[in-house]
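Numbering (our numbering), first residue to last: 15 to 235.
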């Protein structure tokens, strides 16, 4: 288990393009990520502040990740800081696709995640695990400063575009100060974004489902 300390900030499209141009000479990787979120239909994992994800990167590599909200004691960090417990395991691509076809197979994997699932939710809940949907993300990873790794994301949810910049650091206050100064020189002010991709996905999914229900009611009339 690792403790993820992540700083997340929202960008406009024009800010994203400015940052991308500035990072060009520092880019280490470009990844096309397909993020599949798993839960039961009543979101029992979400109610426990748990996120379960299968990520397929560049159609070649797969990881299974479980994240759980964590509130550290002591001094608070920057507004953009999100701290979570994280368990992450590489999966053979075939095993990942098998889990997506039948999410129950996640409980047969040889790692800590099945144990945590059984501890956190009742059997009749984890027996109904399903794939809620997929969020596709384009990620650039860069190191404009050797102390910090910057991740620049662009993803779309139901025809709406989102742009984010993220840093993972064991020194979040120092990372926040550095990023603010670096972007300030480019005329960009940071906007903390504490909403995770999973949370945003679920919010947009609920909106879409509500819209669909209204349309169906109108048709019946």
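No residue lacks a Cβ here, since even glycine has one placed at the ideal position from N, Cα and C.
Span of the beta strand (DSSP E), counted from its first residue to its last, around residue 27:
Looking at the DSSP string, residue 27 is not in any beta strand (DSSP E); the run it does join, the alpha helix (DSSP H), is 27-37.
Anyone know if the C-beta pair for residue 153 and residue 165 falls short of 8 Å?
Result yes, Cβ atoms of residue 153 and residue 165 sit closer than 8 Å.
Does the Cβ of residue 25 have 16 or more other Cβ atoms within 10 Å, making it buried, or fewer, making it exposed?
When all chains shown are included, residue 25 counts as buried.
Using the rule of at least 16 other Cβ atoms within 10 Å of the residue's Cβ for burial, across every protein chain shown, is residue 198 buried or exposed?
Per the 10 Å Cβ criterion, exposed.
For residue 65 versus residue 187, is the C-beta distance shorter than 8 Å?
No, these two residues do not count as a Cβ contact at 8 Å.
Looking at C-alpha atoms only, which residue of 30, 223, 77 is the closest neighbour of residue 202?
30 is the residue among 30, 223, 77 whose C-alpha sits nearest the C-alpha of residue 202.
Using the C-alpha atoms, what's the distance from residue 19 back to residue 96?
Distance between the alpha carbons of residue 96 and residue 19 is about 6 Å.
For residue 153: DSSP bridge partner residues
Beta-bridge analysis with DSSP links residue 153 to 45, 167.
If you drop the 5 nearest sequence neighbours on each side, which residues of the same chain put their C-beta closer than 7 Å to that of residue 43?
Excluding positions up to five away in sequence, the list reads 155.
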